[in-house]
């Protein structure tokens, strides 16, 4: 992880790992008790969250960050996602960062194109 543990830098590193399909680069960005809630499921803790995110990373053909807003420890990232069978889909990711680690992730999007 870089020496800059600002919320903006942590969120940027998270999306850089997603673009590279490198889930292990996410591990040091997550707090031990990270909590994830999204359109396709929920996870708690690093192991569960890495498993869930790993599935999403693996199915992603392309993710592009369109805009990022930072408000203190909260980072909202608007992105566009493409998979082999769906896309582009608008995705909003809200991450809460404390002491250089993501403690909470909330993701919202319309999953119907992925579900067939």
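Residue numbers (my numbering): 5 to 120.
By construction, the Cβ of each residue, glycine as well, lies at the ideal position given by its N, Cα and C atoms.
Item to check | Rounded straight-line distance, which links the Cα of residue 61 to that of residue 5 | outcome: As a working note, residue 5 is residue 1 in the chain shown. As a working note, residue 61 is residue 57 in the chain shown. Note that residue 5 has pLDDT 44, beneath the 50 cutoff, so the model's placement of it is unreliable and the number below is only indicative. Approximately 19 Å, taken between the alpha carbons.
Item to check | N-terminal and C-terminal residue of the beta strand (DSSP E) that residue 12 is part of | outcome: Your numbering for residue 12 matches position 8 in the chain shown. Careful: residue 12 lies outside any beta strand (DSSP E), inside the alpha helix (DSSP H) at 11-23.
Next on the checklist: According to DSSP, is residue 88 part of a helix, a strand, or is it coil?
Outcome noted: Residue 88 sits at position 84 when you count from the first residue of the chain shown. Coil at residue 88, not helix or strand.
Next on the checklist: For residue 112, count the other beta carbons within 10 Å of its own beta carbon; 16 or more makes it buried, fewer makes it exposed. Which is it?
Outcome noted: Residue numbering aside, residue 112 sits at position 108 when the chain shown is read from its first letter. With fewer than 16 Cβ atoms within 10 Å of its Cβ, residue 112 is classed as exposed.
Next on the checklist: Please state the DSSP three-state secondary structure of residue 67.
Outcome noted: As a working note, residue 67 is residue 63 in the chain shown. Strand, per DSSP.
Checklist entry - For residue 11, which residues from the same chain have a beta carbon less than 6 Å from its beta carbon, with the 5 sequence-adjacent residues on both sides left out? => result If you number the chain shown from 1, residue 11 lands on position 7. Contacts found: 74, 77, 79 and 101.
Next on the checklist: Quick check: what's the CA-CA separation for residue 120 versus residue 58?
Outcome noted: Translated into positions along the chain shown, residue 120 becomes position 116. Translated into positions along the chain shown, residue 58 becomes position 54. Roughly 21 Å separates the two Cα atoms.
Next on the checklist: Using only the alpha-carbon positions, how far apart do residue 48 and residue 85 sit?
Outcome noted: Locating residue 48 in the chain shown gives position 44, counting from the first residue. Locating residue 85 in the chain shown gives position 81, counting from the first residue. The alpha-carbon atoms of residue 48 and residue 85 are separated by roughly 24 Å.
Item to check | Of the residues 13, 30 and 117, the one placed nearest residue 51, counting alpha carbons only | outcome: What you label residue 51 is simply residue 47 of the chain shown in a count that begins at 1. Comparing Cα positions, the closest option is 30.
Item to check | For residue 20 and residue 44, the rounded distance between their alpha carbons | outcome: The residue you call residue 44 lines up with position 40 of the chain shown. The residue you call residue 20 lines up with position 16 of the chain shown. So the two alpha carbons sit approximately 22 Å from each other.
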